[in-house]
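**Q** Keeping their order, the protein sequence lines are chains A and B. Just add 2 to wherever you are in the first sequence, counting from 1, and you've got the numbering used here. Just add 11 to wherever you are in the second sequence, counting from 1, and you've got the numbering used here. The beta carbon of each residue, even a glycine, is placed where N, CA and C say it ideally should be. Note that the structure is predicted; figures quoted are calculated from it, not measured. Before I ask anything, let me first share the structure, which is written out below as structure tokens.
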Amino acid sequence: MRIEKTFQVKEPLDKVWDFLSDPRKVAACVPGAKITEQIDEKTYKGAISVKVGPSVTDYKGEVTILRLDPVNYEIEILGKGQDVRGRGSASMKMTGKLTALADGGVEVTSVSELNVVGILAQMGARVINEVSNIMFGEFTKNFQARLAQPSDAAENATEAASTPIRAGSLAWQAAKGVFRRDGT
Amino acid sequence: MITKTSPEIGGMGHSIKRKEDSRFIQGKGNYVDDVHLPGMVYGHMVRSPYAHARLKGINTEKAKALHGVLAVITGEDLAKANLAWMPTLFFDKQMVLATGKVLFQAQEVAFVVAEDQYTAADAAELVEVDYEELPVLVDPHKATDPDAPILREDREEKSNHIFHWEVGDKAATDKAFQNAPVKATVHAISQRCHPAPLETCGCVADFNKATEKLTIYLTSQAPHAHRTLFSIVGGIPEQNIRVISPDIGGGFGNKVPIYPGYVCAVVASLTLGLPVKWIETRSENLQSTGFARDYHMTAELAATSDGRIQALRVKTLADHGAFNAAAQPTKFPAGLFSVCTGSYDFPAAFCEVDGVYTNKAPGGIAYRCSFRITEAAYLIERAVDVLASQLKIDPAEFRRKNFIQPDQFPYKTPLGWTYDSGNYEGALNKALDMIGYNELRQEQAEKRKKGELMGIGISSFTEAVGAGPAHTFDIAGIKMFDSAEIRIHPTGKAICRMGTKSQGQGHETTYAQIVAQELGIPASDVIIEEGDTDTAPYGLGTYASRSTPTSGAATAIAARKIRDKAKKIAAHLLECSDEDLEWETGKFFVKGAPSKSKTIQEIAFAAYTNIPAGLEAGLEAVDYYDPPNLTFPFGTYICVVDIDKGTGEVKVRRFVAVDDCGNVINPMIVQGQIHGGLTEGLAIAFMQLIDYDENGNVQGGSFMDYLIPTAVETPHWETGSTCTPSPHHPFGAKGVGESPNVGSPAAFVNAVVDALSHLGVKHIDMPITPWKVWNVLHEKGVVN
Numbered sequence: 003m004r005i006e007k008t009f010q011v012k013e014p015l016d017k018v019w020d021f022l023s024d025p026r027k028v029a030a031c032v033p034g035a036k037i038t039e040q041i042d043e044k045t046y047k048g049a050i051s052v053k054v055g056p057s058v059t060d061y062k063g064e065v066t067i068l069r070l071d072p073v074n075y076e077i078e079i080l081g082k083g084q085d086v087r088g089r090g091s092a093s094m095k096m097t098g099k100l101t102a103l104a105d106g107g108v109e110v111t112s113v114s115e116l117n118v119v120g121i122l123a124q125m126g127a128r129v130i131n132e133v134s135n136i137m138f139g140e141f142t143k144n145f146q147a148r149l150a151q152p153s154d155a156a157e158n159a160t161e162a163a164s165t166p167i168r169a170g171s172l173a174w175q176a177a178k179g180v181f182r183r184d185g186t
Numbered sequence: 012m013i014t015k016t017s018p019e020i021g022g023m024g025h026s027i028k029r030k031e032d033s034r035f036i037q038g039k040g041n042y043v044d045d046v047h048l049p050g051m052v053y054g055h056m057v058r059s060p061y062a063h064a065r066l067k068g069i070n071t072e073k074a075k076a077l078h079g080v081l082a083v084i085t086g087e088d089l090a091k092a093n094l095a096w097m098p099t100l101f102f103d104k105q106m107v108l109a110t111g112k113v114l115f116q117a118q119e120v121a122f123v124v125a126e127d128q129y130t131a132a133d134a135a136e137l138v139e140v141d142y143e144e145l146p147v148l149v150d151p152h153k154a155t156d157p158d159a160p161i162l163r164e165d166r167e168e169k170s171n172h173i174f175h176w177e178v179g180d181k182a183a184t185d186k187a188f189q190n191a192p193v194k195a196t197v198h199a200i201s202q203r204c205h206p207a208p209l210e211t212c213g214c215v216a217d218f219n220k221a222t223e224k225l226t227i228y229l230t231s232q233a234p235h236a237h238r239t240l241f242s243i244v245g246g247i248p249e250q251n252i253r254v255i256s257p258d259i260g261g262g263f264g265n266k267v268p269i270y271p272g273y274v275c276a277v278v279a280s281l282t283l284g285l286p287v288k289w290i291e292t293r294s295e296n297l298q299s300t301g302f303a304r305d306y307h308m309t310a311e312l313a314a315t316s317d318g319r320i321q322a323l324r325v326k327t328l329a330d331h332g333a334f335n336a337a338a339q340p341t342k343f344p345a346g347l348f349s350v351c352t353g354s355y356d357f358p359a360a361f362c363e364v365d366g367v368y369t370n371k372a373p374g375g376i377a378y379r380c381s382f383r384i385t386e387a388a389y390l391i392e393r394a395v396d397v398l399a400s401q402l403k404i405d406p407a408e409f410r411r412k413n414f415i416q417p418d419q420f421p422y423k424t425p426l427g428w429t430y431d432s433g434n435y436e437g438a439l440n441k442a443l444d445m446i447g448y449n450e451l452r453q454e455q456a457e458k459r460k461k462g463e464l465m466g467i468g469i470s471s472f473t474e475a476v477g478a479g480p481a482h483t484f485d486i487a488g489i490k491m492f493d494s495a496e497i498r499i500h501p502t503g504k505a506i507c508r509m510g511t512k513s514q515g516q517g518h519e520t521t522y523a524q525i526v527a528q529e530l531g532i533p534a535s536d537v538i539i540e541e542g543d544t545d546t547a548p549y550g551l552g553t554y555a556s557r558s559t560p561t562s563g564a565a566t567a568i569a570a571r572k573i574r575d576k577a578k579k580i581a582a583h584l585l586e587c588s589d590e591d592l593e594w595e596t597g598k599f600f601v602k603g604a605p606s607k608s609k610t611i612q613e614i615a616f617a618a619y620t621n622i623p624a625g626l627e628a629g630l631e632a633v634d635y636y637d638p639p640n641l642t643f644p645f646g647t648y649i650c651v652v653d654i655d656k657g658t659g660e661v662k663v664r665r666f667v668a669v670d671d672c673g674n675v676i677n678p679m680i681v682q683g684q685i686h687g688g689l690t691e692g693l694a695i696a697f698m699q700l701i702d703y704d705e706n707g708n709v710q711g712g713s714f715m716d717y718l719i720p721t722a723v724e725t726p727h728w729e730t731g732s733t734c735t736p737s738p739h740h741p742f743g744a745k746g747v748g749e750s751p752n753v754g755s756p757a758a759f760v761n762a763v764v765d766a767l768s769h770l771g772v773k774h775i776d777m778p779i780t781p782w783k784v785w786n787v788l789h790e791k792g793v794v795n
């Protein structure tokens with residue numbers, strides 16, 4: 003499944019790039035996700051918890067930076083995880099790109115190839131799409147908020163896990179999304 | 012001709028109300044999940060999230076530690092008892108619980124037993140399974156590619172190919188195609204669907220350690236056959252096993268196989284000495300138990316330029332999933348698929364079928380049909396329409412031109428079947444009259460001028476039911492006869508037991524009507540009991556519309572045996588010779604002196620109180636009936652649809668079903684069966700598909716995706732009948748429960764294609780969803 007997202011931030015290009023190229027900082031913006039260990043310069047261990055209705059999936063796995071291109075402000079990341087209770091797996095290859103805007107802000111573009119196997123995948127593309135829409139919406143808010151914080155605060159934030167997504171509301175929001183179809 | 016009895020007797024042809032309904036409509040049925048035994052515990056299945064993965068380890072410690080958990084059984088545990096695998100109905104084997112690998116999503120991996128079902132479900136979540144994902148094979152067309160992963164490591168043959176089967180005269184067929192001026196081809200998929208009965212599958216296994224007797228309350232369409240299989244596979248002496256099928260909430264073929272959950276519940280009960288209940292959830296039912304169809308078919312017809320069919324050539328790929336668990340009791344790997352020459356008379360045909368494994372749930376069960384007859388009927392009725400359209404001949408006219416004629420019966424088809432009787436044109440004519448065919452064609456022509464989309468679809472199907480003649484049909488070697496036992500009580504009332512098992516067909520009423528017809532005992536005085544292997548005579552169960560053709564026949568013959576004995580008793584009572592007696596419904600009388608008579612009730616009393624010398628006491632009989640042939644019901648269905656250009660929605664405006672199932676036992680029940688089967692056919696044609704994504708994730712695994720028609724989607728069904736009795740059945744009946752599901756899909760699809768034929772549309776695969784139609788309309792430039 004291919005998911006494309008674009009959003010804008012009102013921060014200078016290099017500041018945004020520093021943030022985006024640090025998986026610990028990015029992970030802290032993803033609802034329910036955390037980086038637990040750094041293996042080497044490009045590899046991290048992490049976990050993410052996704053709850054859709056009654057179905058909780060706790061993925062544990064690795065995040066690898068496949069490509070870091072500071073000249074063109076492009077990053078390619080591969081995340082792979084298995085549910086700790088053996089209920090399925092997921093992988094995501096994301097390409098992120100920053101483009102400077104005329105107003106001094108930055109446009110963040112991401113293209114993700116998502117592959118989900120298991121209980122969650124049975125819910126079909128329409129639910130997974132909606133779940134990823136909601137998660138990405140949260141991510142964007144967190145990303146903008148954390149980026150606006152002083153750098154020390156942002157650094158500290160990476161130590162703690164980010165707030166898991168509000169599980170109960172996720173299924174409801176996804177369900178509403180299915181019927182609304184306005185792309186929010 | 013069947014003599015019509017009085018309404019009080021209620022023999023054949025009376026629409027008496029269903030006896031079983033008084034308990035069903037009061038909510039007082041007794042289904043497997045209603046069985047509650049003292050000390051009963053509950054099983055829950057741990058299932059694979061992956062379609063193909065290596066099992067690297069299972070950790071059951073956390074699950075076992077949960078309070079209330081009694082046992083966690085894995086494939087390795089079963090392997091120690093040689094029970095990790097079990098035979099399927101198709102000479103293949105299937106894993107009970109996985110060892111080594113999992114081969115489809117939702118495959119059974121471990122079985123948790125706990126004091127209550129919630130603890131069992133919670134504990135199942137605590138079972139930790141370590142998987143290593145393997146490449147997944149979803150597309151059956153890629154199963155034999157050189158780079159396809161080999162799924163079944165247990166087989167000697169390192170290939171995903173299961174079987175190749177061919178039947179017919181290839182040379183004659185090829186020659187007919189070479190010479191034919193007209194040829195038509197259709198590629199049609201009879202998609203993977205699921206019967207989704209109202210009641211899911213389940214059981215209560217109750218092993219009594221003191222008596223060593225195992226009682227299994229089972230959602231079984233074939234309790235006797237299942238008892239024998241449990242005995243053979245489990246090594247339990249057959250006299251110690253009692254299978255009880257209580258009320259069954261719909262079967263449709265889904266409850267013919269033995270499923271891993273049943274075996275696990277039995278193993279758990281044998282181990283724990285406690286009754287163990289296991290009931291599937293809806294999603295488990297859709298994802299793991301017997302699916303139906305998944306036939307990818309190509310039919311070619313060769314014809315003369317004036318529209319006489321000369322030959323049929325069929326090539327089919329059958330996707331059986333991870334294990335070949337098709338319901339297949341014939342000698343032919345594709346069952347009755349070779350009835351695909353349908354209702355038409357032509358000299359040459361050749362049919363070949365290849366079966367393959369994929370990473371999908373196992374099955375290929377006969378969903379409300381006889382072993383692939385639905386696929387066959389759909390294919391030929393679709394192909395005939397494609398050819399008629401190509402020749403610009405009206406599809407009704409085209410069928411008429413090619414029908415087997417009434418005087419050609421018994422008719423031997425080019426693929427080896429012998430049809431017993433038929434009058435195909437009679438049913439077609441009646442259906443055309445009922446629907447007002449000519450007016451509809453005029454209306455369609457006018458609508459087309461205005462750009463409106465309306466279609467008329469015809470299906471003149473031939474069914475094959477009543478398995479079966481023992482020479483062709485068996486389950487694990489057990490011949491497919493069936494049985495009836497009738498006992499007449501001293502007061503002239505009766506109890507009858509059969510080897511079949513109703514799942515909603517109304518057996519408690521219809522079998523009683525057969526007894527009423529044959530013996531003149533009112534149907535209301537006759538109790539029918541099925542489904543308890545300790546009491547009923549052996550039988551192969553109910554599916555393939557076989558109850559009336561086999562046990563129904565056995566009931567009539569057992570009743571006639573009773574009548575023969577009753578005649579001797581009557582002669583004794585009337586002090587005359589048996590030869591002086593004549594039978595009239597319910598009594599024997601002396602020829603020429605009708606006032607000198609004895610009723611069946613008087614005779615029954617005498618059978619216990621005043622027995623003639625040399626005759627045994629009592630009045631009862633058993634019959635095991637092996638039919639000489641299948642029966643071949645038929646009919647013509649006509650469907651009228653309107654298509655909404657804006658949404659692509661197909662609206663079924665009218666549907667006429669003319670069925671011929673020979674002599675009818677209860678017209679109301681027949682009509683009810685036809686209504687139900689047409690509604691299932693509608694769902695298959697327009698709504699239902701068990702789909703898989705490229706990773707083998709089930710995309711039709713709940714009622715959110717697998718749609719069930721409600722009263723909103725279901726049109727008004729108009730039914731009619733003709734009557735061509737079966738010449739070989741004791742009372743000329745043929746069986747009917749499945750005809751509407753076999754015959755209707757082609758009528759629906761033909762109607763949609765007919766509505767779009769002027770745009771160059773030749774075929775649309777089922778399910779014909781609004782999205783599919785909308786895309787066609789866009790492609791053809793009908794809407795922007």
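Give the single residue among B/D444, B/V476, B/T733 whose Cα lies nearest to the Cα of B/T429.
**A** Of the listed residues, the one whose Cα sits closest to B/T429 is B/V476.
**Q** Kindly say whether A/G120, judged by its beta-carbon, lies nearer than 7 Å to any beta-carbon of chain B.
**A** For A/G120, the answer is yes, since a Cβ of chain B falls inside 7 Å of its Cβ.
**Q** Looking only at C-alpha atoms, which of B/S562, B/Y703, B/T642 sits nearest to B/E519?
**A** Checked all of B/S562, B/Y703, B/T642; the closest Cα to B/E519 is B/S562.
**Q** Please state the DSSP three-state secondary structure of A/A156.
**A** Residue confidence for A/A156 is low, a pLDDT of 46 falling below 50, so the modelled location carries little weight and cannot support an answer.
**Q** In terms of residue numbering, what span does the alpha helix (DSSP H) encompassing B/V675 cover?
**A** Unbroken run through B/V675: none, as it is neither H nor E.
**Q** Give me the residue from B/S299, B/A187, B/T473, B/G683 with the minimum Cα distance to B/L312.
**A** The residue with the shortest Cα to Cα distance from B/L312 is B/A187.
**Q** Beta-carbon of B/N370 versus every beta-carbon of chain A: anything under 7 Å?
**A** No, no contact with chain A.
**Q** Measuring straight from C-alpha to C-alpha, what distance separates B/P268 and B/G301?
**A** Whole-angstrom Cα-Cα distance: 7 Å.
**Q** Chain B beta carbons: is any one of them nearer than 7 Å to that of A/G126?
**A** Taking Cβ atoms only, chain B reaches closer than 7 Å to A/G126, which makes this a yes.
**Q** Residues in the same chain with beta-carbon distance under 6 Å from B/T71, minus the five sequence neighbours each way, listed in chain order, please.
**A** Closer than 6 Å at the Cβ level, and outside the excluded window around B/T71, lie V83, V138.
**Q** Once you ignore the five residues that flank B/E31 on each side, which residues in its own chain have a CB closer than 6 Å to its CB?
**A** These residues qualify, in order along the chain: E519.
**Q** B/N296 touches chain A at which residues, Cβ-Cβ below 7 Å?
**A** Under the 7 Å cutoff, chain A gives no residues; its nearest Cβ is about 14 Å from B/N296.
**Q** Which residues in the same chain have their Cβ closer than 6 Å to the Cβ of A/E76, if we skip the five residues on either side of it in sequence?
**A** Excluding sequence neighbours, A/E76 sits near K99.
**Q** Which residues in the same chain as A/P14 place their Cβ atom closer than 6 Å to its Cβ, once the five residues preceding and following it in sequence are excluded?
**A** Cβ neighbours of A/P14 beyond the five flanking positions: none.
**Q** In whole angstroms, give me the CA-to-CA distance for A/G126 and B/G272.
**A** For A/G126 and B/G272, the distance between alpha carbons rounds to 26 Å.
**Q** Looking at the C-beta of B/Q189, does it have a partner C-beta in chain A at a distance below 7 Å?
**A** Chain A, which has no Cβ nearer than 7 Å to the Cβ of B/Q189, makes this no.
**Q** When you compare the CB positions of B/A604 and B/L592, do they come within less than 7 Å of one another, or not?
**A** Contact flag unset, no.
**Q** Quick one: list the residues of chain B neighbouring A/A92, beta-carbon separation under 7 Å, in chain order.
**A** Per Cβ cutoff of 7 Å: no residues; A/A92 is ~10 Å from chain B at best.
**Q** Does the beta carbon of B/Q710 come closer than 7 Å to any beta carbon on chain A?
**A** So, interface residue.
**Q** Name the DSSP bridge partner or partners of B/L225?
**A** According to DSSP, which records beta bridges pairwise, B/L225 is partnered with B/F218, B/I252.
**Q** Any idea which residues DSSP pairs B/S732 with across the strands?
**A** Note: B/S732 sits in a beta bridge opposite B/D670.
**Q** If you follow the alpha helix (DSSP H) that B/W785 is in, where does it begin and where does it stop?
**A** B/W785 -> alpha helix (DSSP H) spans 781 to 790.
**Q** For the segment 440 to 450 of chain B and the segment 357 to 370 of chain B, state whether three or more C-beta atom pairs, one from each stretch, are separated by less than 8 Å.
**A** Not touching, per the Cβ criterion.
**Q** Quick one: which residues of the segment 133 to 151 of chain B get their C-beta closer than 9 Å to a C-beta of chain A? List them in chain order.
**A** Of all residues in the segment 133 to 151 of chain B, E136, L137, V138, E139, V140, D141, Y142, E144, V147 have a Cβ within less than 9 Å of some Cβ in chain A.
**Q** The beta strand (DSSP E) with B/E143 in it runs from where to where?
**A** Here the beta strand (DSSP E) through B/E143 covers 139 to 144.
**Q** Given that A/R89 touches chain B, what residues does it touch there, using C-beta distances under 7 Å?
**A** What A/R89 touches in chain B: P60.
**Q** Am I right that A/G34 and A/V54 are in contact with their C-beta atoms under 8 Å? What's the rounded C-beta distance?
**A** Actually they are not in contact, since the Cβ atoms of A/G34 and A/V54 sit about 12 Å apart, beyond 8 Å.
**Q** Compute the Euclidean distance between the alpha carbons of B/M698 and A/V133, then round it to the nearest angstrom.
**A** When rounded, the distance between both Cα atoms is 26 Å.
**Q** So, for B/P756: in the same chain, excluding its five sequence neighbours on each side, which residues have a beta-carbon less than 6 Å away from its beta-carbon?
**A** For B/P756, where only same-chain residues beyond five positions count, the Cβ hits under 6 Å are Y389, G692, I695, A696.
**Q** I want to check one thing, is the minimum distance from the CB of B/S294 to the heavy atoms of the ligand COA below 6 Å?
**A** The model depicted lacks the ligand COA and carries no ligand whatsoever.
**Q** From B/D133 to A/D24, what does the alpha carbon distance come to, in whole angstroms?
**A** Each residue's Cα considered, the two are about 39 Å apart.
**Q** Would DSSP call B/C507 helix, strand or coil?
**A** Note: B/C507 maps to strand in three-state DSSP.
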